[in-house]
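If you read the sequences in order, they're chains E and U.
According to our numbering, numbering within the first sequence proceeds without interruption in unit steps and concludes at 473.
According to our numbering, numbering within the second sequence proceeds without interruption in unit steps and concludes at 1452.
See below for the structure under consideration.
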Amino acid sequence: MSQTPPDSPQTPPAAPRAGGGRAARTGFDITIVAAVLVPLLAVVASLLVDTGAEARPDQPPEEAALTAADVVCPAGGSKVQVASTSGASGDLQVRAGTKVDVAAPVAPGRTTEVDTGKPAAVVSGTGDLAPGLVAQSFAQPLASFDCRAPVYDYWFTGLGAGARHQSTLQLVNPDEGRAVVDVEVYSADGLLDVEGLRGVTISGGESRAFDLAKTLPRRDELALHVTVVRGRVAASVSDAVRGVAGAGRNGDDGLGSQDEPATSNLLLGIPGGSGPRILMIANPNTTAERATIKLVTTGSTFAPSGVEEIELPPQSVVPVPLTKVLAEAGKDDEAPVGLLVESSAPTTASLQMFYRRDLVRSVPATPLEGPGTTVVPAGSKTLVLGDATGQGVVTVSLWDADGKELPQQRIEVAAGRADTYDVPDEARLMSVEAARTSIAAAVLVTNADGATLLRVREPVSTALVPAVSPGVP
Amino acid sequence: MSLPPVPPPPPGVPAGAPGGTPGGPASGGVVVLLVTHDGVRWLPGVIEGIAEQGPLVSGVVAVDTGSTDGSRDLLPADYDLVEATSSASYPDAVRIGLERIATTHPHARWVWLLHDDSRPAQGALAALLAASARRPDVDVLGPKLREWPSLRRLLELGVTISGTGRRETGLERGEYDQGQHDEEREVLAVNSAGMLVRRDVLEELGGFDPRLPMFGNDLDLGWRAAAAGHATLVVPDAVVFHAEAAHRGLRRTALTGRHTHYQERRAALYTLLVNSSAIALPWRVIRLTLGTFVRMIGFLLVRSVGEALDDLAALVSVVGRPGQVLAGRRERKERAAAAAPDKARVRRLLPPPWLPYRHGADFVGDVVSAATQQASDVAERRRIAAAEADPSSQAAIRLRAERERDEEDELADSGAIARFFTNPFVLAMCAVVVVLLIAARAAFGQVSGGALAPAPDGVGSWWSLHLSSWHELGFGTDVPAPPYVFPLALLGSLIGPTATVSALMLLTAPLALWGAWRFLRVAGRLVSTQGAPRWLLVGGATAYAITPAVSGAWGEGRLGLVVAAAVLPWLAHAALGFAEPEADRRWRAGWRVGLLLALVTAFAPTSWLVAAVLIALVLVAGVGFARGAVMARDVWGPPLTALAVPLVLLSPWWIPALGTGAGASLALDAGRVPDEQVGPLDLLIGRLGDLGAPAWVGIVLLVLALLALLPRATRVPVILCWLVALVASVVGAVLGTLEFSLPALDTPAGLGGPLLAAQAALVTAVVLGAEGAARAGLGRTVRAIGIAAAVAAAVVPLAGLGWWLTDGGDLSSEDDSVVPVHMVQRSVLGPEHGVLVVSGDIATGLTYTIHRGDGVTLGEQEILALSPVDAADAAVVSDALSRPGADVADRLGALGIQFVLLTAPVDGAVAASLDATAGLVAASSDAGTQAWEVERPLDPEAVAGAGSALRPVLLVIQVAALLLVLVLCVPTIRSRSRA
């Protein structure tokens, strides 16, 4: 009964306490040593603790060669010019409307023209010919319609839905399954609720066109944001003006799209002449924003005198007349070749111009990460380079219609200016590659009837294979 | 009803000639029938007692059943000695005796049965005969039996038998005879020791049943007598002292054997079966069989394994040999053929049917009260032990003074309600509980969020998680369920899963408060006799109770840590039992600590390591400082037992975990991975992750714990608290170096267990230090510091509570599942109706989870996080999401995936590629998300897997060990010992 067990940690033993008291008087007290040492060690040990695993880094996708690719050429053009930068030879398939596929033979450097008629055409390449598909659709009087692989967001700025300015939205589903898109419409009065443009269904292989003048008749300028909800859809806009400025300026042109709004939009390629020029800026933000305009010449970038800061009401489209500003900015070599729109929040922009009474639409150029390519029509054309991030050299490779390579051209570029290069008339395929800098490029094609602007893109040659991993349950 | 004098047998009364006159006044002749067997210890007294009856005894027939101790030589010459063999049972001996009486005393009307250990008091026979004269209708009379040699305690005043076979005396155990039962009444039976019975009646009844050789034959005889219409009367004026030598095992014979309990129980069962009516017989068999199992559980609960087995053996012996019972019944039927049995009399004399249940309730009450008072005070018992060791010490004198004071207090005690409402500390604790409940209000009802997955819809999910070795989750996995699922399933079976989680999140803080109060009170009393001031206990307990909340564990939904924190003070309280002066209590403490440690470990696995290191350290230190004391088995045994118990109880978790590559679960906190980040000093300031209270509250506690080292009186206990904190910190530092790479992410080890232990130690240190400071009083110079410290000490719980009141953490009652309802409706149909939930985009990588059943619920998240992903299965998902081939839909169907769901924001490229995949058709989904249905057959066996044969074994071990530990935890009930 009287046996006493050892003290558990929580139990104070009687003996050491009494002993400690006695020892204290003799000068040495082990409890004092322990009272210092034990807490000190505890604090030191707890200071050593530092857990926390780093979050696993994002897993970038792998690039893999495409095995099948499509580019969609909107309706409006009459001839589709196709090429492949894959370096392989073979037949591309071109399907227009419900027609059976037409084979378009391609070889390295060679372009082929296919007469597709008015309907939209889907150009497909498989196997070796899948990477590097390039196409453009042209019409006379000079107009170009942007052929591209379907993406999931399209921003179109400066559309008309009235009698004089009529735009048609075209939605093409290249696949067999059903596709669904949502279209948001911005106007001068803000976001519009348009019944027929919500949840638009496009069945497999179908192409649907919306004449905005019928869908939502209005007189102001509009902007559209097309979101693909389901499936793949190529969205495009063909723009037409009838009798603008009283002088019977008519014309058609394709209106290119932007993938997303940006705070800095560089519109490259301004044809000469004194026709009307109107800049349209769309502010999709829910706040009022501001924008400034700079002119880009081959020598510099500068703010023109007499142009105020532009106020952008929330979710609205603002037209900015620039005819006079551009006309007065300079002549010949000092004439502006580009327009830089900088805004306080991401916006979209486009230019509506006329050249020899023909409509020319320009949209911001996308900086190229790698070689950019486009097919070009025969005739006079100018390559406009801009948005260089620094001093660099751009190599321009050219091929004629038979695939014969023309002499390469090296152009020195620098930040803060644009550069132009007059492309030989016989060139039909053009490739632009920048070294030591990134670059944006556009090709201004002119002839006696009018002009059009071509975009220089990186052809899709690889697919991104996402990294797939188990998630946290 | 005066107190009957207890005449000690006059020492020198000669065992002279008992009245040779045959036949006393009204007797018609009483012959004593004395059966002896090795009764030399008691026989002289018995002979004296018979002599004292005087001339009423007309003769003594002594039947000796083969005594070997010289009993026969003690018998007076005038006794008519009949010698029988040692194999003769009591009924045999009585039969032999009756035969002898028939020849030697043919006119004797009464036979007085006496045992060699039953001594009649003076006048006993006279009183019996007087009663028989008063009540001529009575055929059997019995005396009041008192204990021999104490002489004062009542043994029996007539007996009866309950429906469960219990011998009912109607007396409390060890009741003193104060004449409280002195009332002549009819009873079912009287003990054969001192039974006065008409000879003809005894012969008519056929004597005692030879199938009841030793015990219980008196009850059977009484029952038969009653059934035959004979009355049995107990006469309290007649007193016989009875040593109950055979019953108490003082005398072993071939007939009693070693197992007297077995014999008694067998006799009781036999008596019930043989005497009950034929209609009631099947019901009696069933009831006695079930009753035996209930009784066995009761015996096992109090660790009387032998008696439990005796009960079982008795049942088997009686029910297994129906021939005996049937023969007995036949005999009774033949004898009673003449007249119908007097059922009314028997029924009247049997005890009321509710009696066994009252005994059951009393038993439970005994166990509960023993359990609750058990650890009430280690400190008290240590002082008592010390005082007993040295009665002249100061401690002993103080103890006596305290006891006197307590007795006075008890006399002056007012009502419980008045005490409740006038006690400021009780009111303060109630207020704290109310505030704790308000602060935890987010946990009312359905609660999930942070690391806490929602509770499953039914408790069946938890049971199946616990019981099966293969889980149809994800791609199917054999990673074992986390250990806390078992206690959750047990609780959930009572109140449902949602209420279980809610109750745990709500009520654990009050439970921790209560436990901390109990622990701190006893710890305070161990340090000094008066104990810590109660305001200190309120503050300390509150500071501890909010530890899970202020650390952030509660707000992050770390249910495991919240529960572990509530159990920890009870564990610490039980661990104080290692310091008990009695070995038995130390063993009980060992088992109790083991059970609680298993519970804490189930909810916070790393706690076990802290306990292990701590116990190892204490034992090693003990060997160094007090080798003699520690080397005793009952000193080192209990702590090591406590460490081993969790290993056995949790074996269905950790053994398969190691076997399936999920060993990381041994070092992870319960809940969603990854475990919270713990930075430098966080262990001591009690912060887990970034959802805790401001760090300064924890720093104040740390500083106070350092200041607690100053008061000399309590310095050693405070250092011991710091030692606990040191061990926790070191364990934390070692665990902190670990990092586990799980399929989905990397996670550090869970430091919740060490953190709770460190916080508990610091709170205890502050309370003990403050107690020391308060008791010693402070010098003028340090008084200012003391006051500042007191204010700071008050700030810790108050600031923590205030912070908690305003911060709800990550918890919410909302369902954050992204899976649309229509898919859930399908997925609950079976495990093959899975939903592949995909998030992320191509640029940063896609991640997927698989929703099956009602989604990832509590207990499943750890399994999924730890399950290795089969490369082939992962490849199917990877192909489907990146480069879907033509057969992708078939492969998804074979994996038991019915839907593919892309969560917002949807990557259009992924969506488009799925749109273009044959066999996947668009399904409706919530705004911003996209879904496809797999239009291919789903494999019903997609996630099925082979179970492990090991699991049933482990589960049986677990349950058996749990029952064993529960039984071993129960305090020893002293009153059960018979001596």
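Note that CB positions come from ideal geometry on N, CA and C, so glycine has one too.
Simplified DSSP assignment, three categories, for glutamate 308 of chain E: If you number the first sequence from 1, residue 308 of chain E lands on position 308. In the three-state scheme derived from DSSP, where H, G and I count as helix and E and B as strand, glutamate 308 of chain E is classed as coil.
C-beta contact flag for proline 295 of chain E and proline 284 of chain E at 8 Å: Looking up residue 295 of chain E in the first sequence gives position 295. Looking up residue 284 of chain E in the first sequence gives position 284. Before going on, a small fix: residue 295 of chain E reads as leucine here, not proline. No, they are not a contact pair.
7 Å CB neighbourhood of arginine 854 of chain U in its chain, flanking five on each side removed: Position 381 of the second sequence, counted from the start, is the residue given in the question as residue 854 of chain U. Closer than 7 Å at the Cβ level, and outside the excluded window around arginine 854 of chain U, lie Glu1053, Pro1054.
Contact check, alanine 418 of chain E vs valine 443 of chain E, beta carbons under 8 Å: For this step, residue 418 of chain E is matched to residue 418 along the first sequence. For this step, residue 443 of chain E is matched to residue 443 along the first sequence. No; because the gap between Cβ atoms is not below 8 Å, this pair is not in contact.
CB contact below 8 Å: arginine 619 of chain U versus chain A: No chain A appears in this structure, whose protein chains are E and U.
Supposed close pair aspartate 691 of chain U, asparagine 664 of chain U - CB separation, criterion 8 Å: Locating residue 691 of chain U in the second sequence gives position 218, counting from the first residue. Locating residue 664 of chain U in the second sequence gives position 191, counting from the first residue. 5 Å between Cβ atoms; contact.
Check whether methionine 668 of chain U and glycine 702 of chain U have beta carbons under 8 Å apart: By one-based count along the second sequence, residue 668 of chain U stands at place 195. By one-based count along the second sequence, residue 702 of chain U stands at place 229. No.
Against chain U: residues of the stretch 138 to 155 of chain E by CB proximity under 9 Å: Pro150, Val151, Tyr152, Asp153
Alanine 415 of chain E vs alanine 365 of chain E beta-carbon contact at 8 Å: What you label residue 415 of chain E is simply residue 415 of the first sequence in a count that begins at 1. What you label residue 365 of chain E is simply residue 365 of the first sequence in a count that begins at 1. No, the Cβ-Cβ distance between alanine 415 of chain E and alanine 365 of chain E is not below 8 Å.
Residue range of the alpha helix (DSSP H) that includes tyrosine 649 of chain U: Reading the second sequence from its first residue, position 176 is the one you call residue 649 of chain U. Tyrosine 649 of chain U -> no alpha helix (DSSP H), and no H or E assigned at all.
Alanine 1422 of chain U to tryptophan 943 of chain U span [Cα, whole Å]: In the second sequence, the residue the question calls residue 1422 of chain U occupies position 949. In the second sequence, the residue the question calls residue 943 of chain U occupies position 470. For alanine 1422 of chain U and tryptophan 943 of chain U, the distance between alpha carbons rounds to 11 Å.
Min CB distance proline 16 of chain E to chain U below 8 Å: Walking along the first sequence from the start, residue 16 of chain E turns up at place 16. Note that proline 16 of chain E has pLDDT 40, beneath the 50 cutoff, so the model's placement of it is unreliable and the number below is only indicative. Yes, proline 16 of chain E lies at the interface with chain U (some Cβ there is under 8 Å from its Cβ).
Glycine 1225 of chain U at chain E interface by Cβ criterion, 8 Å: Position 752 of the second sequence, counting from 1, holds the residue named residue 1225 of chain U. It does not: the Cβ of glycine 1225 of chain U has no partner Cβ on chain E nearer than 8 Å.
Residues bridged to glutamine 170 of chain E [DSSP beta-bridge criterion]: Reading the first sequence from its first residue, position 170 is the one you call residue 170 of chain E. Glutamine 170 of chain E pairs with E/Ala209, E/Ser236.
Per-residue burial, isoleucine 634 of chain U [other beta carbons within 10 Å of its own, 16 or more giving buried]: Within the second sequence, numbered from 1, the residue matching residue 634 of chain U stands at position 161. Per the 10 Å Cβ criterion, buried.
Per DSSP, the bridge partner or partners of serine 397 of chain E: Taking the first sequence and counting its residues from 1, one reaches residue 397 of chain E at position 397. Bridge partners of serine 397 of chain E: E/Ser431.
Spatial neighbours of glycine 204 of chain E in its chain, beta-carbon cut-off 7 Å, leaving aside the 5 residues before and after: Within the first sequence, the letter at position 204 stands for residue 204 of chain E. If we look at glycine 204 of chain E and ignore the five residues flanking it on each side, its Cβ neighbours are Asn173, Asp175, Glu176, Gly177, Arg178.
Delimiting residues of the beta strand (DSSP E) encompassing asparagine 283 of chain E: Within the first sequence, residue 283 of chain E is the residue found at index 283, counting from 1. 277 to 283 is the span of the beta strand (DSSP E), which, as asked, contains asparagine 283 of chain E.
Alanine 23 of chain E in three-state terms, based on DSSP: As a working note, residue 23 of chain E is residue 23 in the first sequence. Note that alanine 23 of chain E scores 41 on pLDDT, short of 50, meaning its location in the model is unreliable and no value can be drawn from it.
C-alpha distance - glutamate 309 of chain E paired with arginine 277 of chain E, whole-angstrom precision: As a first step, residue 309 of chain E is located in the first sequence; it is residue number 309 there, counting from the start. As a first step, residue 277 of chain E is located in the first sequence; it is residue number 277 there, counting from the start. When rounded, the distance between both Cα atoms is 18 Å.
Beta carbon of glycine 386 of chain E nearer than 8 Å to that of leucine 191 of chain E: Stepping through the first sequence from its first residue, residue 386 of chain E is reached at position 386. Stepping through the first sequence from its first residue, residue 191 of chain E is reached at position 191. Their beta carbons are not under 8 Å apart, which means glycine 386 of chain E does not touch leucine 191 of chain E by this criterion.
Beta-carbon contacts of glycine 117 of chain E that lie in its chain and below 8 Å, excluding the five residues immediately before and after: Within the first sequence, the letter at position 117 stands for residue 117 of chain E. Contacts found: Ser78, Ala96, Gly97.
Where threonine 762 of chain U falls, given that 16 or more other Cβ within 10 Å makes a residue buried: For the purposes of this step, residue 762 of chain U is identified with residue 289 of the second sequence, where counting begins at 1. It counts as exposed.
Neighbour flag for glutamine 1150 of chain U against chain E, beta carbons, 8 Å: By 1-based counting over the second sequence, the position of residue 1150 of chain U is 677. So yes, glutamine 1150 of chain U belongs to the interface.
Straight-line Cα distance separating glycine 801 of chain U from aspartate 553 of chain U: Residue numbering aside, residue 553 of chain U sits at position 80 when the second sequence is read from its first letter. Residue numbering aside, residue 801 of chain U sits at position 328 when the second sequence is read from its first letter. Each residue's Cα considered, the two are about 32 Å apart.
Bounding residues of the beta strand (DSSP E) (the contiguous stretch that carries alanine 451 of chain E): Here residue 451 of chain E corresponds to residue number 451 of the first sequence, with the count starting at 1. 451 to 455 is the extent of the beta strand (DSSP E) around alanine 451 of chain E.
Partner residues on chain U for serine 203 of chain E, Cβ-Cβ distance less than 7 Å: Counting from 1 along the first sequence, the entry for residue 203 of chain E is found at position 203. Within chain U, no residue comes near serine 203 of chain E; the closest Cβ sits about 12 Å away, beyond 7 Å.
Chain E contacts from the stretch 1200 to 1217 of chain U (Cβ-Cβ distance under 7 Å): Ser1202, Val1203, Gly1205, Ala1206, Gly1209, Glu1212, Pro1216, Ala1217
Where the beta strand (DSSP E) containing lysine 294 of chain E begins and where it ends: The residue you call residue 294 of chain E lines up with position 294 of the first sequence. Lysine 294 of chain E -> beta strand (DSSP E) spans 289 to 296.
Contacting residues, own chain, Cβ-Cβ under 6 Å from glutamate 780 of chain U (five flanking each side not counted): Residue 780 of chain U sits at position 307 when you count from the first residue of the second sequence. Closer than 6 Å at Cβ, skipping near neighbours: His734, Phe772.
At least 3 beta-carbon pairs within less than 8 Å: the stretch 126 to 133 of chain E vs the stretch 232 to 239 of chain E: no
Buried/exposed call for tryptophan 756 of chain U, threshold 16 Cβ in 10 Å: By 1-based counting over the second sequence, the position of residue 756 of chain U is 283. It counts as exposed.
Helix, strand or coil at tyrosine 830 of chain U according to DSSP, with G and I counted as helix: By one-based count along the second sequence, residue 830 of chain U stands at place 357. Tyrosine 830 of chain U: helix per DSSP, three-state reduction.
Candidates E/Gly471, E/Ala188, E/Asp182: closest to phenylalanine 210 of chain E by CA position: Here the question's residue 210 of chain E lines up with position 210 in the first sequence. Per the Cα distances, E/Asp182.
Coarse secondary structure for asparagine 265 of chain E, derived from DSSP in three states: To locate residue 265 of chain E, count along the first sequence from 1; it is residue 265. Strand, per DSSP.
C-alpha distance - valine 712 of chain U paired with alanine 858 of chain U, whole-angstrom precision: For the purposes of this step, residue 712 of chain U is taken as residue 239 along the second sequence, with counting starting at 1. For the purposes of this step, residue 858 of chain U is taken as residue 385 along the second sequence, with counting starting at 1. Distance between the alpha carbons of valine 712 of chain U and alanine 858 of chain U is about 41 Å.
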